[in-house]
Amino acid sequence: MKRVLFLAYHFPPTGGAGVQRSVKFVRYLNDLGWEAVVVTGPGTTGSRWTPPDETLAAEVPASTPVLRVPSAPPKASRWRRRADRWLGTTTPFGRWWIDGAVEVGRGQNVDLVYASMSPYESAEAAARLSAELGRPWVADLRDPWALDEMIVYPSRFHRLRELRRMRRLLADADAVVMNTPEAAARLRRYPEFSQRELAVIPNGFDANDFTGPPPERHDDAFRIVHAGYLHTELGKRERSSRLLRRVLGGALLPVDILTRSHVFLLEAVDRVRREGVAVEVHLAGVVTDVDREVVGDRPYVHFHGYLDHSGTVSLLRSADLLFLPMHDLPPGVRAGIVPGKTYDYLGSRRPILAAVPDGDVRDLLGRAGNAFVTRPADVDGMAEVISGQAAAKAAGASPRVPAEDVLSACERKTLTRQLVDVFEGLSAPSAERTLAASRD
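Each step along the sequence shown adds one to the number in the working numbering, with nothing skipped, and position 390 is 376.
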């Protein structure tokens, strides 16, 4: 077995979208001749972005070493976080994670170093470990860092500064893995990456999570399900400061984040319900007070809170229609991300209402064939889809299902093989790095 030092701050018992990719890679790497030595945080849970999910620990092979940075992440005041953001200094969390990961990973007998990002400080930790161990390192970006249109910086200066940091650290990596074709295309615009081979390995779904019959239902309502974070609060805040952000130049693209919430869906459902159609909306995931305020007194909305992965899968499979919202961009401008839930939606084999901009997600769903696609704020289009699908269900029509070749390409085992291909191309020790490490 070859060994990879696998840096992943987000790892069980923590749950959430950022954990799934790492857990599934670790699970299936063993079957392909690689043992992961995981370097992760202490596993503290409870915040909005780190909910607990004990069930994911069962996905990790019992033989996998899991090395944890022993202390708890430092907490910074709101003003300290703002100061670090404006001044560009390394945050207390960043210093803690970089130094802790290097200390824990130091001296491990491995063939290469891998960093799952975010947090993006993992790149610096991986670069240091790579130099010390004399082994190559792989940067895997779940989101495209400074090229992510969802991230709005205080000003153009701050955005360019982070872009320079990203370019410097990724240029040091021996291989770079991007999550979408569009993200890879954005990175290739910079000269140091224009001739480099960039691997594109998207998120995916695990077919084993969807075995067995779907859950039984004992009602006739038309059920719409959304799983994951709702960005209502962030979207409202971004809209209120949009003019200032545009003047200061902190946004990569003109983006409307509010459409990644349930705001426009509920407007569409209200219209359909006024026509006498019994529609329910089920929301699974961590919710905020602002999310609940948007719902108000609508009795047809059901909050499930954060569900573990198996509970989320069960809810998805019970749906008549899955809601996939994204941020809005001007027509013709391609989004740089595909939400991770997209793949579990496909794995559930249920029809999808995708309110999404142009980009890889539209391309993927177009090939899959089981999605009804609208623009992110198109309430009329959403209402038309919901009404039509509710009528089709009442008439006994069979729902759309995704194409099998698309499902096969998105399966976690397939994607792990692609990651192993990257590893195999680098796993021979680098003489240059080994010499540099010996000199140190």
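Built from N, CA and C at the ideal position, the CB exists for glycine as well.
Residues that residue i bridges to, as DSSP identifies them
{"i": "residue 289", "result": "269"}
{"i": "residue 131", "result": "DSSP output for residue 131 lists no bridge partner at all."}
{"i": "residue -12", "result": "20"}
{"i": "residue 126", "result": "102 and 163"}
{"i": "residue 0", "result": "38"}
{"i": "residue 345", "result": "321"}
{"i": "residue 338", "result": "308 and 357"}
{"i": "residue 210", "result": "267 and 307"}
{"i": "residue 79", "result": "Partner(s): none; residue 79 has no beta bridge."}
{"i": "residue 191", "result": "397"}
{"i": "residue 244", "result": "BP columns for residue 244 are empty, so no partner."}
{"i": "residue 54", "result": "26"}
{"i": "residue 184", "result": "Partner(s): none; residue 184 has no beta bridge."}
{"i": "residue 435", "result": "In the structure as shown, the chain starts at -13 and stops at 426, and residue 435 therefore has no counterpart that could be examined."}
With 16 other Cβ atoms within 10 Å as the buried cut-off, status of residue i
{"i": "residue 116", "result": "buried"}
{"i": "residue -13", "result": "exposed"}
{"i": "residue 11", "result": "buried"}
{"i": "residue 352", "result": "exposed"}
{"i": "residue 275", "result": "exposed"}
{"i": "residue 322", "result": "buried"}
{"i": "residue 204", "result": "exposed"}
{"i": "residue 230", "result": "exposed"}
{"i": "residue 330", "result": "buried"}
{"i": "residue 334", "result": "buried"}
{"i": "residue 397", "result": "buried"}
{"i": "residue 261", "result": "exposed"}
{"i": "residue 246", "result": "buried"}
{"i": "residue 195", "result": "buried"}
{"i": "residue 225", "result": "exposed"}
{"i": "residue -6", "result": "buried"}
{"i": "residue 233", "result": "exposed"}
Close beta carbons around residue i, own chain, < 7 Å, minus the five adjacent residues each side
{"i": "residue 7", "result": "102, 128 and 189"}
{"i": "residue 421", "result": "Any reading at residue 421 needs caution, since the residue's pLDDT is 38, under 50, leaving its predicted position unreliable; the model's value is listed next. Counting only Cβ-Cβ distances below 7 Å, and skipping sequence neighbours, we find nothing."}
{"i": "residue 14", "result": "398, 399 and 402"}
{"i": "residue 209", "result": "266, 268, 304, 305 and 306"}
From the options, residue whose alpha carbon lies closest to that of residue i
{"i": "residue 286", "options": "308, 273 and 263", "result": "263"}
{"i": "residue 123", "options": "405, 60, 94 and 159", "result": "159"}
{"i": "residue 200", "options": "179, 224 and 306", "result": "306"}
{"i": "residue 97", "options": "121, 81, 363 and 79", "result": "121"}
{"i": "residue 320", "options": "332, 347 and 334", "result": "347"}
{"i": "residue 53", "options": "28, 181 and 217", "result": "28"}
{"i": "residue -4", "options": "105, 99 and 95", "result": "105"}
{"i": "residue 145", "options": "318, 236 and 401", "result": "236"}
{"i": "residue 310", "options": "324, 77 and 316", "result": "324"}
{"i": "residue 170", "options": "133, 404, 191 and 198", "result": "133"}
{"i": "residue 294", "options": "226, 213, 328 and 217", "result": "213"}
{"i": "residue 125", "options": "76, 152, 197 and 180", "result": "152"}
{"i": "residue 372", "options": "222, 211 and 218", "result": "211"}
{"i": "residue 250", "options": "50, 369 and 95", "result": "369"}
{"i": "residue 406", "options": "50, 5 and 20", "result": "20"}
{"i": "residue 18", "options": "402, 412 and 150", "result": "402"}
{"i": "residue 5", "options": "83, 84 and 191", "result": "191"}
{"i": "residue 400", "options": "155, 186 and 90", "result": "186"}
{"i": "residue 271", "options": "255, 314 and 290", "result": "290"}
{"i": "residue 409", "options": "76, 162, 327 and 312", "result": "162"}
{"i": "residue 227", "options": "140, 206 and 304", "result": "140"}
{"i": "residue 155", "options": "135, 131, 284 and 51", "result": "131"}
{"i": "residue 259", "options": "143, 207, 90 and 354", "result": "207"}
{"i": "residue 99", "options": "217, 312, 404 and 25", "result": "25"}
{"i": "residue 50", "options": "354, 184, 23 and 350", "result": "23"}
{"i": "residue 76", "options": "296, 135, 147 and 326", "result": "147"}
{"i": "residue 349", "options": "168, 248, 85 and 367", "result": "168"}
Same chain, Cβ closer than 8 Å to residue i, five either side skipped, listed in chain order
{"i": "residue 288", "result": "266, 267, 268 and 269"}
{"i": "residue 416", "result": "Legend: pLDDT at residue 416 = 48, less than 50; position of this residue unreliable, no value from coordinates given."}
{"i": "residue 318", "result": "344"}
{"i": "residue 411", "result": "161"}
{"i": "residue 83", "result": "-5, 27, 55, 59, 105, 107, 108 and 111"}
Own chain partners of residue i with C-beta closer than 6 Å, once the 5 adjacent residues on each side are dropped
{"i": "residue 9", "result": "42 and 45"}
{"i": "residue 419", "result": "With a pLDDT of only 44 at residue 419, under 50, the local geometry of the prediction cannot be trusted, and the value read off the model is given with reservation. Around residue 419: 120."}
{"i": "residue 253", "result": "365"}
{"i": "residue 375", "result": "307"}
{"i": "residue 385", "result": "337"}
{"i": "residue 47", "result": "16"}
{"i": "residue 138", "result": "231, 236 and 237"}
{"i": "residue 149", "result": "132"}
Proximity test, residue i beta-carbon vs the ligand SAM heavy atom, cut-off 6 Å
{"i": "residue 119", "result": "Among the components modelled here there is no ligand, and therefore nothing to report on the ligand SAM."}
Notebook entry, point to check: Three or more C-beta pairs closer than 8 Å, one from the segment 392 to 399 and one from the segment 275 to 283: is that the case here?
Noted result: no
Margin query: I'd like to know if the segment 34 to 54 and the segment -7 to 3 are in contact, where contact means that at least 3 CB-CB pairs between them fall below 8 Å.
Written below: yes
Note to self: Assess contact between the segment 104 to 113 and the segment 47 to 61, defined as three or more Cβ pairs (one per stretch) separated by less than 8 Å. Is contact present?
What the structure shows: no
Check: Should the segment -11 to -2 be regarded as contacting the segment 172 to 181, the criterion being three or more beta carbon pairs within less than 8 Å?
Finding: no
Next item on the list: Kindly confirm or deny that the segment 231 to 244 and the segment 289 to 308 touch, where touching means at least three C-beta pairs closer than 8 Å.
Entry: no
Check: Between the segment 339 to 347 and the segment 358 to 366, are three or more C-beta pairs nearer than 8 Å?
Finding: yes
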